[in-house]
Amino acid sequence: MADTVAVPPRQARRKVLPEGVFAWSLVAPAMLFIGIIVAWPLVETFRLSFTDAGLGGETYVGWSNYAELFHSGKFYDIVYRTFYWMFLSVSLKLVMGLIGASLLNAAVPGKALFRVLVMPPWVIPIDFGVIGWKWLYNGYFGFLSGILQRLGIIADPIALLAQKTSAFYAAIVTDVWVGTPMVTLFLLAAMQGVSRDLYEAAWVDGAGRWYRFRRITIPQIMPVIVSMALLSAIWTFNSFEIIWILTEGGPRGATTTLIIDTYKVAISSQRFGEGAARAVVIVGLLTAFSLLYLYFLNKVNKHYGAK
Amino acid sequence: MMDRYTFLQKVGIYIAIAAFLTFVLLPFFEMFRVSLRPLDHLMSTPFRFWSDDFSFAAYKQMWISVPLLGRYILNSIFIATSVTTLTMIVVIPAAYAYARLQFPFKAISLAVFLGVNMFTGAVLLIPLYRVLRTLGLLNTYWAMIIPGVAFLIPTGIWLLRSYLEKIPRELEEAAYVDGASRMYTLRRVVIPLAVPGLIVVATSVFIGAYAQQFLFAIAFNNQREYQPLPAGIFEFVGYQQVTWNEMMAASLTGILPVMLIFLFLQKYLIAGLTAGAVKE
Chain A
60 MADTVAVPPR
70 QARRKVLPEG
80 VFAWSLVAPA
90 MLFIGIIVAW
100 PLVETFRLSF
110 TDAGLGGETY
120 VGWSNYAELF
130 HSGKFYDIVY
140 RTFYWMFLSV
150 SLKLVMGLIG
160 ASLLNAAVPG
170 KALFRVLVMP
180 PWVIPIDFGV
190 IGWKWLYNGY
200 FGFLSGILQR
210 LGIIADPIAL
220 LAQKTSAFYA
230 AIVTDVWVGT
240 PMVTLFLLAA
250 MQGVSRDLYE
260 AAWVDGAGRW
270 YRFRRITIPQ
280 IMPVIVSMAL
290 LSAIWTFNSF
300 EIIWILTEGG
310 PRGATTTLII
320 DTYKVAISSQ
330 RFGEGAARAV
340 VIVGLLTAFS
350 LLYLYFLNKV
360 NKHYGAK
Chain B
15 MMDRYTFLQK
25 VGIYIAIAAF
35 LTFVLLPFFE
45 MFRVSLRPLD
55 HLMSTPFRFW
65 SDDFSFAAYK
75 QMWISVPLLG
85 RYILNSIFIA
95 TSVTTLTMIV
105 VIPAAYAYAR
115 LQFPFKAISL
125 AVFLGVNMFT
135 GAVLLIPLYR
145 VLRTLGLLNT
155 YWAMIIPGVA
165 FLIPTGIWLL
175 RSYLEKIPRE
185 LEEAAYVDGA
195 SRMYTLRRVV
205 IPLAVPGLIV
215 VATSVFIGAY
225 AQQFLFAIAF
235 NNQREYQPLP
245 AGIFEFVGYQ
255 QVTWNEMMAA
265 SLTGILPVML
275 IFLFLQKYLI
285 AGLTAGAVKE
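First to last, the protein sequences are chains A and B. Heads up, the working numbering is the position in the first sequence plus 59, with the first residue counted as 1. Heads up, the working numbering is the position in the second sequence plus 14, with the first residue counted as 1.
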């Protein structure tokens, strides 16, 4: 590429920036942004986690924030709850997404309209949808409790967000509601990309719908299912607004996931150092989980012969 | 023939679709129902689904109860528009570099961008707060715009890159052979060709920017007049009572701009967003 070297006229290069320099000058603004707003705070979080930073000054305290975390049974409960929250919610999103995509993929009139009607939870700001759910869950005036009473299934108003178990599952339902449209949309796109020849060949051989779904559709869209699972898992793990608006982590900690706990400690109680230690644990857990998952994704892609 | 359903199968499919859509749309119906009823009737037991007191009064009253409501909605739109503009300015060149050019650390730096998706603002709030304080941006629009841009850059680059890769190289090479500089080629050849893709990316960035305002607003801004709607909506939660009907009316009004944009562009948006999921 050096412009002093004599080259045949056809490939002659004018005096231009080397490709690498030009490319980096294009990437630099974006990189700078990420550097200041994400990378630097990440480094700072790491540093703060070894201090007792709060509203006052900060002193180095070594590993004591971490020691405190790992010696508290409550923290293990929260970690366990977070993973349980993640696995349950992501599984439900995938199942709902698969059902939704199959329905929207069925060759019936009106499917273009249905596809648009599925999207709103994803398009609107999360908190507006969650406000709607909060009302739905209201024991005295909410729709769910009201309908159940009308149908005679329950005798008295049931405040779904006031009891530990029901609050947790109510938050899961709302999280699934928020996450389902995107999974549906991507699985639908993947289904529409499956070659018709495969289905026709199977059909000629007498394969039924269910058999075609199990043996053609699922294997063909497996790479998309697996990558959607990873993306949803990360988002669900990090999900903040839904729980915060519904329950603020309550009642009595029943919906406190790692993110909520971190926010409570760091922002509500202003114990920055301890909050930072929790944030570092989150980053560590997510990184480990993602790497493991990418390794798995690679295997799946090989197995199903995707590009 | 393969796709033909019996009558019963068709009925079954429609029932299943109806059930699925009920789950998806239930909160919206409920919000609308609540917004139409007077508060004291709403807060009465036993539960009544239907009543004859429906009116649009809450849609008028909400502007009086929360005088800054209009300002909040405009703030939301302003913040989302600024975030979108800034994001596109940094995303377009970066996406082009990843789509077309070879450079050192290309794969690693792309992985770094995508890794950002793993973090939410919630994890980084404390140091981010300090960074914004150092830059003197707390309690300004910038406190909500700058972090918003950072967290949308990765997705923007990812989407636009896959779109640019589909544009044939020959046109750029022709311009280049004709003596156009790299920057000129990018400005005059690539960007005009990429307009449909740019619309898809900008729309999804706008939707994301409109959706993500809550956290940054409650954490980095305490100036009421700069607050976006997702944070301002909680002013309907009073000391005495929550004016649910007006809160729902305001929520539905706040959803409107982004729903309209989505409805106008949904065809392109859906196709553009899912392009990566489809094998060619």
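Ideal Cβ placement from N, Cα and C applies to all residues, glycine included. Just so you know, these numbers come straight off a predicted model, no measurement behind them.
> In or out: V324 (chain A) buried (at least 16 other Cβ within 10 Å) or exposed?
Replying inline: Here residue 324 (chain A) is taken as the residue at index 265 of the first sequence, counted from 1. Counting every other CB atom within 10 Å of its CB across the protein chains shown gives V324 (chain A) a total of 16 or more, marking it as buried.
> Is it true that the CB of A157 (chain B) sits closer than 8 Å to the CB of D177 (chain B)?
Replying inline: Residue 177 (chain B) sits at position 163 when you count from the first residue of the second sequence. Residue 157 (chain B) sits at position 143 when you count from the first residue of the second sequence. In the sequence under discussion, the amino acid at residue 177 (chain B) is Tyr, which differs from the Asp named in the question. Result no, Cβ atoms of Y177 (chain B) and A157 (chain B) do not sit closer than 8 Å.
>> Let's see if you can read the secondary structure: which residues bound the alpha helix (DSSP H) around D264 (chain A)?
In response: In the first sequence, counting from the first residue as 1, residue 264 (chain A) sits at position 205. D264 (chain A): not part of any alpha helix (DSSP H); DSSP gives it neither H nor E.
> Does E78 (chain A) get closer than 8 Å to chain B when you measure Cβ to Cβ?
Replying inline: Translated into positions along the first sequence, residue 78 (chain A) becomes position 19. E78 (chain A) counts as touching chain B.
> Quick one: which chain B residues come within Cβ less than 7 Å of V159 (chain A)?
Replying inline: The count along the first sequence starts at 1 and reaches residue 159 (chain A) at position 100. Checking the sequence, you will find Gly at residue 159 (chain A) rather than Val. Neighbours of G159 (chain A) on chain B, chain order: F34.
>> By alpha-carbon positions, which one of B:T98, B:I78 and B:S90 ends up nearest to A164 (chain B)?
In response: Here residue 164 (chain B) is taken as the residue at index 150 of the second sequence, counted from 1. Between A164 (chain B) and the set B:T98, B:I78 and B:S90, the nearest pair of CA atoms involves B:T98.
> Does any residue of chain A bring its CB to less than 8 Å from the CB of G246 (chain B)?
Replying inline: Taking the second sequence and counting its residues from 1, the one referred to as residue 246 (chain B) is at position 232. Not an interface residue.
>> Against chain B, does I212 (chain A) count as a neighbour if the rule is that its beta carbon must be under 8 Å from one of theirs?
In response: Here residue 212 (chain A) refers to the residue found at position 153 of the first sequence. No, its Cβ sits nowhere closer than 8 Å to a Cβ of chain B.
>> Can you confirm whether the segment 84-104 of chain A touches the segment 140-150 of chain B when touching is taken to mean that 3 or more C-beta pairs between the two stretches lie within less than 8 Å?
In response: Short answer: they touch.
> CA-CA distance, I301 (chain A) and P310 (chain A)?
Replying inline: For the purposes of this step, residue 301 (chain A) is taken as residue 242 along the first sequence, with counting starting at 1. For the purposes of this step, residue 310 (chain A) is taken as residue 251 along the first sequence, with counting starting at 1. Cα-Cα distance, rounded: 15 Å.
> Span of the alpha helix (DSSP H) holding K193 (chain A)?
Replying inline: Translated into the one-based positions of the first sequence, residue 193 (chain A) becomes position 134. Under the DSSP assignment, K193 (chain A) falls in the alpha helix (DSSP H) whose first and last residues are I185 to L195.
> Over what stretch of residues does the alpha helix (DSSP H) that includes D54 (chain B) continue unbroken?
Replying inline: Taking the second sequence and counting its residues from 1, one reaches residue 54 (chain B) at position 40. Per DSSP, D54 (chain B) belongs to the alpha helix (DSSP H) from L53 to L56.
> Can you name, in chain order, every residue of its own chain whose Cβ lies under 6 Å from the Cβ of G286 (chain B), other than the five neighbours on each side?
Replying inline: Residue mapping note: residue 286 (chain B) aligns to position 272 of the second sequence, counting from 1. The beta carbon of G286 (chain B) sits closer than 6 Å to those of V214, all from its chain and outside the five residues before and after it, given in chain order.
>> Could you check whether L207 (chain A) and I213 (chain A) sit closer than 8 Å to each other, using their CB atoms as the reference points?
In response: In the first sequence, the residue the question calls residue 213 (chain A) occupies position 154. In the first sequence, the residue the question calls residue 207 (chain A) occupies position 148. The answer is yes: Cβ separation under 8 Å.
>> Which residues does DSSP list as the beta-bridge partners of V177 (chain A)?
In response: Position 118 of the first sequence, counted from the start, is the residue given in the question as residue 177 (chain A). Beta-bridge pairing by DSSP links V177 (chain A) to no other residue.
> For chain B, is any of its Cβ atoms less than 8 Å away from the one on L351 (chain A)?
Replying inline: The residue given as residue 351 (chain A) occupies position 292 in the first sequence. Not closer than 8 Å to any Cβ of chain B, the Cβ of L351 (chain A) fails to qualify, so no.
> Should Q116 (chain B) be flagged as near chain A, meaning a C-beta pair shorter than 8 Å?
Replying inline: Within the second sequence, residue 116 (chain B) is the residue found at index 102, counting from 1. It does; some Cβ of chain A falls within 8 Å.
>> Using 8 Å for Cβ pairs, my map puts G188 (chain A) next to P180 (chain A). What's the rounded Cβ distance?
In response: The sequence position of residue 188 (chain A) within the first sequence is 129, counting from 1. The sequence position of residue 180 (chain A) within the first sequence is 121, counting from 1. So it is a contact: roughly 5 Å between Cβ atoms.
>> Using a Cβ-Cβ cutoff of 9 Å, what residues of the segment 26-51 of chain B are near chain A? List them in chain order.
In response: Look at the segment 26-51 of chain B: the residues with a C-beta under 9 Å from a C-beta of chain A are I27, Y28, A30, I31, F34, L35, F37, V38, L39, L40, P41, F42, F43, E44, M45, R47 and V48.
>> Just to make sure I have the definition right: I need the residues of chain B whose C-beta is within less than 8 Å of the C-beta of L176 (chain A). Which are they?
In response: Walking along the first sequence from the start, residue 176 (chain A) turns up at place 117. Going along chain B in sequence order, the residues near L176 (chain A) (Cβ under 8 Å) are L35, V38 and L39.
> Considering only residues of the same chain and omitting the five flanking positions on each side of T104 (chain A), which have a CB-CB separation below 8 Å?
Replying inline: Numbered from its first residue, the first sequence carries residue 104 (chain A) at position 45. The beta carbon of T104 (chain A) sits closer than 8 Å to the beta carbons of A335, A338, V339 and V342 from its chain, once the five residues preceding and following it are set aside; these are given in chain order.
>> Using a Cβ distance threshold of 8 Å, determine whether the segment 237-244 of chain B contacts the segment 82-93 of chain B, with at least three qualifying pairs required.
In response: Segments in contact, yes.
> According to the Cβ coordinates, are T306 (chain A) and A226 (chain A) closer than 8 Å?
Replying inline: For the purposes of this step, residue 306 (chain A) is identified with residue 247 of the first sequence, where counting begins at 1. For the purposes of this step, residue 226 (chain A) is identified with residue 167 of the first sequence, where counting begins at 1. The answer is yes: Cβ separation under 8 Å.
> Can you check whether the CB of F299 (chain A) is closer than 8 Å to the CB of Y270 (chain A)?
Replying inline: Along the first sequence, read from residue 1 onward, the residue named residue 270 (chain A) stands at position 211. Along the first sequence, read from residue 1 onward, the residue named residue 299 (chain A) stands at position 240. No; because the gap between Cβ atoms is not below 8 Å, this pair is not in contact.
>> List, in chain order, every chain B residue whose beta-carbon is nearer than 8 Å to that of E300 (chain A).
In response: Taking the first sequence and counting its residues from 1, the one referred to as residue 300 (chain A) is at position 241. Chain B residues near E300 (chain A): F228 and L229.
> In chain A, which residues lie with their C-beta within 8 Å of the C-beta of A233 (chain B)?
Replying inline: Reading the second sequence from its first residue, position 219 is the one you call residue 233 (chain B). I326, listed in chain order.
>> If contacts are defined as beta-carbon pairs under 8 Å, then M45 (chain B) and L266 (chain B) qualify, I think. What distance do you get, rounded to the angstrom?
In response: Within the second sequence, the letter at position 31 stands for residue 45 (chain B). Within the second sequence, the letter at position 252 stands for residue 266 (chain B). Contact check for M45 (chain B) and L266 (chain B): beta-carbon distance about 6 Å, within the 8 Å limit, so the pair qualifies.
> From the beta carbon of N297 (chain A), is the nearest beta carbon of chain B less than 8 Å away?
Replying inline: Here the question's residue 297 (chain A) lines up with position 238 in the first sequence. It does; some Cβ of chain B falls within 8 Å.
>> Taking DSSP's pairing of strands, which residues face V256 (chain B) in a bridge?
In response: Position 242 of the second sequence holds residue 256 (chain B). Partner(s): B:V251.
> Do you know offhand how far I284 (chain B)'s Cα is from T239 (chain A)'s?
Replying inline: Sequence index remark: in the second sequence, residue 284 (chain B) carries index 270 (1-based). Sequence index remark: in the first sequence, residue 239 (chain A) carries index 180 (1-based). Using only the alpha carbons, I get a separation of about 15 Å.
>> Counting only Cβ pairs nearer than 8 Å, list the residues of chain A close to M273 (chain B).
In response: Here residue 273 (chain B) refers to the residue found at position 259 when the second sequence is read from its first residue. Correct list: P179, V182 and I183.
>> Tell me the DSSP secondary structure of Y352 (chain A) in three-state form.
In response: What you label residue 352 (chain A) is simply residue 293 of the first sequence in a count that begins at 1. Helix at Y352 (chain A).
> Quick one, which residues of the segment 246-260 of chain B are near chain A if we go by CB-CB under 8 Å, in chain order?
Replying inline: Near chain A, meaning a CB-to-CB distance below 8 Å, the residues of the segment 246-260 of chain B are I247 and W258.
> So is A188 (chain B) buried or exposed if we call it buried at 16+ other beta carbons inside 10 Å?
Replying inline: Numbered from 1 along the second sequence, position 174 holds the residue referred to as residue 188 (chain B). Exposed, since its Cβ has fewer than 16 Cβ neighbours within 10 Å.
> Less than 8 Å separating the beta-carbons of F245 (chain A) and L35 (chain B)?
Replying inline: For the purposes of this step, residue 245 (chain A) is identified with residue 186 of the first sequence, where counting begins at 1. For the purposes of this step, residue 35 (chain B) is identified with residue 21 of the second sequence, where counting begins at 1. No, they are not a contact pair.
> So P161 (chain B) and F127 (chain B) are in contact, right, with Cβ under 8 Å, and what is the actual spacing, rounded?
Replying inline: Taking the second sequence and counting its residues from 1, one reaches residue 161 (chain B) at position 147. Taking the second sequence and counting its residues from 1, one reaches residue 127 (chain B) at position 113. The C-beta distance from P161 (chain B) to F127 (chain B) rounds to 16 Å, too long to meet the 8 Å contact threshold.
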